Each structure stands twice: as structure tokens, then as C-alpha cells.
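Notes for the one structure printed next.
Residue numbers (the numbering used here): 22 to 574.
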């Protein structure tokens with residue numbers, strides 16, 4: 022009975038049984054599951070944002086550490102740290118200082134959060150690059166000594182800037198050891214990071230973030246007044262330090278928050294993001310309150326879409342049937358309008374391709390017969406035996422050699438090679454090596470004719486020398502270059518031919534430095550190129566030519 026039902030009724034039954042009823046049944050279940058899902062998703066989203074911020078911050082810290090590590094290997098820094106006494110007046114020392122200044126000027130410009138750099142040599146030399154600041158430098162140098170060559174990060178420091186005012190910074194200090202004696206100290210490097218500028222690089226879609234150390238000191242916080250001090254909420258700090266999970270709930274001033282934490286690699290810091298739970302639930306309630314209305318709207322839209330879908334399918338199938346009947350009558354201009362990429366659209370494309378293929382085969386067969394008739398006519402018109410011409414040229418070449426006219430003999434030999442290639446025992450296909458030998462003979466003759474106005478370069482991959490291609494494939498392209506590309510050229514014309522393999526394909530580039538031609542004006546309408554394309558199509562059904570435009574040789 023279902024087989025005899027109309028398409029529209031089948032669509033309606035399927036829509037009601039498989040879409041409408043399941044949607045209504047699952048709506049209630051989804052309603053109860055959505056709360057937990059959205060909360061879990063909020064936790065995951067927050068954790069994902071946290072990881073991105075942590076990775077960005079870690080990359081900044083690692084970049085600063087890598088800068089100090091670079092000082093060990095670079096000879097300019099070694100010259101600065103190891104030069105003492107009158108050596109500071111020498112050119113090598115001054116050049117090293119100039120290069121160091123240039124290096125850090127670039128680093129400070131490209132990394133605005135990097136505030137300043139201090140370099141200290143054992144001999145008392147000091148170099149300051151960037152914003153001059155003053156603070157507890159001796160304490161940082163002592164911490165660098167404790168690190169014994171490892172990078173040491175400080176908590177936030179309040180320093181005074183000679184450019185105006187106070188600012189909070191975090192400082193990286195490191196002992197610089199000799200490259201050749203790894204345990205020998207040669208200097209100290211201190212890099213300060215501007216906390217205010219560092220905060221500008223961090224954005225959180227929802228909630229707020231902070232960075233605290235294991236001891237509870239505030240490293241970064243949207244409220245600048247808290248930076249550098251002990252975090253005021255002791256209970257929250259204990260949750261961060263003791264909770265093994267990456268997330269936990271916590272109440273702050275009567276409001277419940279979801280907190281997600283992550284330790285920052287290479288430091289004793291925690292990055293924490295807090296999101297107010299009420300904002301998550303509020304969005305959930307708003308979503309659930311509109312679910313019923315949305316379901317009704319979806320059902321109505323589904324019915325409209327069902328009717329539209331049915332009509333569009335039926336109309337396109339009917340059009341395909343009509344065009345198929347036209348082809349059956351012998352009308353190969355029939356085509357199906359394809360305006361979609363679904364199964365019916367693909368069927369229409371396949372139909373159009375099939376009709377094009379049939380028409381193409383008809384055209385090829387027609388052109389092949391014309392070519393055969395032309396060949397027969399040319400054979401009737403030809404009164405000179407090609408073998409006679411070749412043998413006569415060979416006789417003239419030897420006569421020229423006996424008369425000591427070696428250059429004339431060489432030119433006749435080149436011409437005889439061309440005749441030999443034209444004969445080629447009637448074969449249509451030659452190897453790449455034979456084709457290139459033929460082109461070389463042709464170009465040599467043209468070079469004798471044109472003198473210094475022509476030069477050429479031929480390159481063949483050894484792996485494709487024995488590959489086959491259509492005889493005289495390259496001659497029309499080379500002739501085009503000489504006749505059209507080099508006509509009235511004010512400089513030497515050069516032709517470069519490169520034969521190489523691309524996968525399982527043979528590629529040949531024919532490039533010249535001549536005038537070129539206007540693609541918009543000429544297109545691919547040249548007689549020689551069209552003749553080459555037609556020959557390839559006739560010799561090989563899927564023969565085609567790809568053009569690659571080269572701006573400069």
C-alpha cells in the first residue's frame with residue numbers, strides 16, 4: 022500500500038513519524054539535560070580560554086628567557102661581558118655595544134610589554150636599554166646568583182621610572198656563564214616586564230582573571246592596587262592551593278562563582294578565571310523559556326520547507342526527463358539547468374557531461390575525417406620524394422666537406438637531421454631525447470641565421486629521456502618565439518626549454534624573454550597553438566594544453 026502512495030503523502034508520513042513526534046518526545050528530555058550540559062560547557066569554555074591565556078603568557082616568559090639564553094651564545098654579548106680595563110675603548114667593544122643596542126631596540130619595539138634590559142659585567146660595566154627604572158636591583162642580582170645560571174622570575178615590583186611616575190613590573194634575572202666554560206660566570210642580565218602593558222594582551226570573553234603565586238602574592242589583577250600585595254581573600258587562596266581539580270565552586274560576597282585554575286609552566290604562579298554562576302543560569306533560563314515557541318515555529322517552517330522541497334525536486338526531475346527525451350530525438354544541444362549541488366544537481370551535471378562527451382566524439386570523428394582528406398590531398402600535391410631530398414642533402418654535405426667548406430657542411434647536416442626527423446619512418450611518436458635533438462638542430466640553424474640576436478638553453482631530466490611524446494610538439498612554440506616574440510627585439514632573445522617529471526606526468530616549459538602577447542587581446546587564438554592543440558586532441562582523446570604565464574625570464 023505504501024508503494025502506491027503519492028510522493029507528497031510519503032513525505033508527510035516520514036516528516037510526522039520521524040521528525041515531528043521524535044522532536045516533541047525528546048524536547049522534554051533535552052529540557053532537563055540542558056542545565057548540566059550548559060554548565061559543563063561553560064566550564065570547558067572557561068578552561069579553553071584559560072589555556073590560551075596561559076599559553077600566551079608562557080610564550081612571553083619563554084621569549085624573555087630565550088633572550089637571556091641567546092646572550093650566552095652571541096659573541097657581541099661575550100665581548101661586552103668579558104672586556105675589562107682599557108678594552109672598553111677599543112672598536113670591537115664599541116661595535117659589540119652598538120649591535121647589542123640595535124638588537125634590543127628591535128626587541129623592545131616589537132614587544133611593548135618588555136620594559137627595559139640591564140646588563141652587568143664582572144668588571145663593573147653596565148648597559149641599560151629601554152626605559153630607565155630604579156628599584157631593588159641588588160636583590161634581583163642576588164636572586165640571579167641563587168639561580169646559578171637558570172632564569173629566575175620575581176613577583177611584581179614597584180619601581181620608579183625616569184620617564185615619569187611609578188609602575189609595576191615583574192623581573193627576570195639570570196647569571197650569564199661563559200660559552201666555553203659553562204660554570205664560569207661572566208655577567209648578569211635583568212629584564213623587566215611592564216605589568217600594565219602585559220594586561221592589554223589578555224582578554225577573557227566572560228568573567229575575570231588573576232594570577233597569584235603559591236605564597237598568595239598577587240602577580241596580575243584587573244585592579245592595579247592589588248598587584249604586588251597579598252591577595253585579600255584568604256579562603257579563596259586556600260581553595261586555589263589545596264584543590265587538586267582544575268575547577269571548583271566558591272562564594273564571594275554572597276555570589277556563587279565557578280573558578281578554573283591552571284599553573285603556569287616554569288613559574289610558581291597560578292592563573293585563575295572566575296565566572297559568576299548566576300550569569301550562566303540566567304542564559305539557560307532564557308534559552309529554555311523560548312524552547313517551546315521555537316519548536317512550534319520549527320514545525321511550521323518544516324511544513325513549509327517540506328512543500329518547497331517536494332516541488333523543487335519534482336520540477337527538476339521533470340526537466341531532466343524532458344531533456345533526456347530531446348537527446349533521444351537527436352538534439353544534442355539539450356542541457357539541464359543546474360542550480361544546486363545535491364544528488365539531482367549532480368545527476369544534471371552528469372547528464373550535461375554525457376551530452377558534451379557525445380558531441381565531442383562526433384566533432385572529433387568529423388575533424389579526423391577532414392584531416393584524413395587533407396593528408397590525402399597533400400600527398401597527391403607532393404611531387405618530390407622526401408627520401409630523395411634527404412639523400413641529395415647528404416651528398417651535398419659530403420661535397421662541401423671535400424671542398425673544405427666545413428661550416429656549410431655542418432649547416433647542411435643540421436638541415437638533413439631535420440628532414441630525417443620529419444620522415445621518422447612514418448612514426449607519430451618520438452622520444453623526448455629525439456625531439457630535443459630535432460629542436461637543437463632547428464635552433465642551431467636559426468642561430469646561424471640570426472647571429473648574436475638569438476641564444477637558447479635546453480634542459481632534460483635523465484629519467485624522462487626515453488619517454489614518448491607527439492612528433493614536432495615543440496616546433497610551433499619555438500617558431501612562435503622567434504617569429505613573433507623576437508621580432509625587432511632590442512636585446513638578445515633567449516629561449517629556454519625545460520623537460521621534467523611531475524608525478525606520473527611529463528611537463529615541458531617553453532619560455533622566452535621576447536615581447537610576449539596580450540592575453541586579453543590574443544587569448545589562445547594563434548594558428549600555431551591551435552594547430553598544436555588539434556593535433557594533440559586527434560592523437561590522444563584527452564589531450565589538452567595548460568598555459569602558465571611567466572612574468573620574467
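Every residue, glycine too, gets a C-beta built ideally from N, C-alpha and C.
Just so we're clear, the structure is a prediction, and the values are computed from it rather than from any experiment.
Considering residue i, what are the terminal residues of the alpha helix (DSSP H) in which it resides?
| i | result |
| --- | --- |
| residue 257 | 255-263 |
| residue 497 | 496-501 |
| residue 453 | 453-471 |
| residue 519 | Premise fails: residue 519 lies in the beta strand (DSSP E), 514-523, not in any alpha helix (DSSP H). |
| residue 160 | 158-168 |
| residue 116 | 112-131 |
| residue 15 | Nothing in the structure corresponds to residue 15, since the chain is present only between 22 and 574. |
| residue 40 | Segment: none, residue 40 is in no alpha helix (DSSP H) and carries neither H nor E. |
| residue 217 | 216-220 |
Judging by CA-CA distance, which residue of the options is the nearest neighbour of residue i?
| i | options | result |
| --- | --- | --- |
| residue 242 | 436, 257 and 293 | 293 |
| residue 284 | 40, 68 and 47 | 68 |
| residue 524 | 478, 484, 270 and 435 | 484 |
| residue 249 | 273, 215, 164 and 517 | 215 |
| residue 554 | 376, 79 and 388 | 388 |
| residue 279 | 99, 40 and 65 | 65 |
In angstroms, rounded to a whole number, what distance separates the CA positions of residue i and residue j?
| i | j | result |
| --- | --- | --- |
| residue 438 | residue 459 | 7 Å |
| residue 35 | residue 378 | 39 Å |
| residue 527 | residue 74 | 51 Å |
| residue 490 | residue 453 | 7 Å |
| residue 320 | residue 275 | 43 Å |
| residue 178 | residue 200 | 31 Å |
| residue 238 | residue 259 | 13 Å |
| residue 217 | residue 125 | 20 Å |
| residue 54 | residue 40 | 20 Å |
| residue 210 | residue 112 | 23 Å |
| residue 189 | residue 180 | 6 Å |
| residue 478 | residue 516 | 6 Å |
| residue 557 | residue 449 | 11 Å |
Within 10 angstroms of the Cβ of residue i, are there 16 or more other Cβ atoms? Answer buried if so, exposed if not.
| i | result |
| --- | --- |
| residue 252 | buried |
| residue 501 | buried |
| residue 315 | exposed |
| residue 255 | exposed |
| residue 520 | buried |
| residue 470 | exposed |
| residue 46 | exposed |
| residue 38 | exposed |
| residue 433 | buried |
| residue 336 | exposed |
| residue 358 | exposed |
| residue 386 | exposed |
Can you tell me whether residue i is helix, strand or coil according to DSSP?
| i | result |
| --- | --- |
| residue 35 | helix |
| residue 208 | strand |
| residue 272 | strand |
| residue 476 | strand |
| residue 61 | helix |
| residue 295 | strand |
| residue 489 | strand |
| residue 234 | strand |
| residue 105 | coil |
| residue 177 | strand |
| residue 252 | coil |
| residue 387 | helix |
| residue 283 | strand |
| residue 504 | helix |
| residue 318 | helix |
| residue 74 | helix |
| residue 80 | helix |
| residue 267 | coil |
| residue 201 | coil |
| residue 183 | coil |
| residue 357 | coil |
Determine the extent of the beta strand (DSSP E) in which residue i is found, giving its start and end residues.
| i | result |
| --- | --- |
| residue 139 | 135-142 |
| residue 148 | 147-151 |
| residue 188 | 187-198 |
| residue 241 | 239-241 |
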